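These notes are about the structure you will find just below.
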Amino acid sequence: MTGKLREFIKSRDNYACRYCSISVAVEPHLLLEVDHIVPVSRGGLSTPENLQTLCWKCNRSRSKELVRAEPPQIERARRTCQPSPSQR
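All residue numbers for the sequence shown refer to UniProt numbering, where the first residue is 1 and numbers rise by one.
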């Protein structure tokens with residue numbers, strides 16, 4: 001994934017976490033990461049539709065959940081992933 005794509009995703013998501021909604025407007029030094037909704041290891045692509053902005057805490061928490069998740073659960077999560085209400 002290129003730096004340009006990462007920046008595009010963060011901008012598209014208004015520099016806010018898609019899980020907890022915290023943003024750089026609230027916490028200027030917030031560490032945001034670009035996450036694959038469907039992991040590359042499970043066939044996910046590095047395309048805007050499969051990428052989301054998460055704060056580092058949510059990304060770590062999500063990573064632990066994905067290790068235990070079955071592939072159908074990940075697919076269902078990918079289809080239902082929506083921006084938080086503050087992002088709409």
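For each residue, glycine too, the CB sits at the ideal point set by N, CA and C.
The structure displayed is predicted, hence computed values, not measured ones.
Looking at the secondary structure, which residues open and close the beta strand (DSSP E) in which residue i lies?
{"i": "residue 33", "result": "32-36"}
Suppose you measure from the CA of residue i to the CA of residue j; what does that come to, to the nearest Å?
{"i": "residue 19", "j": "residue 54", "result": "7 Å"}
{"i": "residue 23", "j": "residue 15", "result": "6 Å"}
{"i": "residue 60", "j": "residue 4", "result": "23 Å"}
Can you list, in chain order, the residues of its chain with a C-beta nearer than 8 Å to that of residue i? Leave out the 5 residues immediately preceding and following it.
{"i": "residue 9", "result": "34, 48, 51, 52, 53"}
{"i": "residue 62", "result": "19, 35, 54"}
Please classify residue i as buried or exposed, where buried requires at least 16 neighbouring CB atoms within 10 angstroms.
{"i": "residue 31", "result": "exposed"}
Give every residue of the same chain whose Cβ lies closer than 6 Å to the Cβ of residue i, excluding the five residues on either side of it in the sequence, and list them in chain order.
{"i": "residue 44", "result": "36, 38, 50"}
{"i": "residue 17", "result": "54, 55, 58"}
Any Cβ of chain C within less than 8 Å of the Cβ of residue i?
{"i": "residue 26", "result": "Although the question refers to chain C, the structure presented lacks it and comprises just one protein chain."}
Return helix, strand or coil for residue i, following the three-state DSSP convention.
{"i": "residue 55", "result": "strand"}
{"i": "residue 11", "result": "helix"}
{"i": "residue 41", "result": "helix"}
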